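Numbering (our numbering), first residue to last: 198 to 388.
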């Protein structure tokens, strides 16, 4: 796990019983989005595991509110330019959010999945020109921008929903929020 050395700003937004948070660089780019939690402390802990130097300031509350709306199934034209998509480079002293070009390619491909649609891990792998389906799954599992880079819209080739860092139940909830029907952990493509 890469830990950033620079200070980040964490903004928090509460909707119903869930807290949402995102960490922003000093340049105003999103460096990490936490999966929603019912407990504020768990939310901040999730971000601080990667960004130990932080302040909490709600200057980005509006953006985090949009993230919460997306989680609840509302469509949004989220500006991907808000995400810090820098790659780690040992010769550079800048901190980066992603470790490799491969991870960035996978994240950008997942980001292109439209609301109301899903893709399989195999389709993502084909799009980034690899047969390493597991490597694709690993890169998706490291997604620092869940919700806005919709890794919940990536499913297995057999239609089963597959894994999710926030747990199977959260993935099911997000897919249902977008109008999908799920039966026995399998997505029914006719909505």
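C-beta atoms are modelled at their ideal positions from N, C-alpha and C, and glycine is treated no differently.
Since this is a predicted model, take the numbers as computed values, not measurements.
Is it buried or exposed, residue i, if we count other Cβ atoms within 10 angstroms and call 16 or more buried?
i	result
residue 364	exposed
residue 233	buried
residue 238	exposed
residue 208	buried
residue 256	exposed
residue 229	buried
residue 375	buried
Going straight from the alpha carbon of residue i to that of residue j, what length do you get?
i	j	result
residue 373	residue 204	36 angstroms
residue 210	residue 274	19 angstroms
residue 282	residue 248	16 angstroms
residue 386	residue 349	14 angstroms
residue 289	residue 295	Residue placement at residue 289 is poorly supported in this model, since its pLDDT is 46, which falls under 50; the coordinates are not used for a value here.
residue 346	residue 368	13 angstroms
residue 332	residue 235	31 angstroms
residue 220	residue 330	29 angstroms
residue 213	residue 326	41 angstroms
residue 384	residue 310	16 angstroms
residue 324	residue 258	34 angstroms
residue 342	residue 264	10 angstroms
residue 200	residue 261	22 angstroms
residue 206	residue 223	7 angstroms
residue 280	residue 244	15 angstroms
For residue i and chain D, any beta-carbon pair shorter than 9 angstroms?
i	result
residue 365	In the structure shown, chain D does not exist; there is a single protein chain.
Identify the continuous beta strand (DSSP E) that holds residue i and give its terminal residues.
i	result
residue 366	Taken as a continuous stretch (DSSP letters only), residue 366 belongs to no beta strand (DSSP E), being part of the alpha helix (DSSP H) at 365-374.
residue 253	251-253
Bridge partners for residue i per DSSP, in chain order?
i	result
residue 357	383
residue 220	207, 229
residue 351	316
residue 284	295
Check for me: the alpha helix (DSSP H) holding residue i runs from which residue to which?
i	result
residue 301	298-308
residue 258	258-268
residue 318	318-324
residue 335	330-338
residue 239	237-245
*Meets three-Cβ-pair contact criterion under 8 angstroms: the stretch 245-258 and the stretch 298-316*: no
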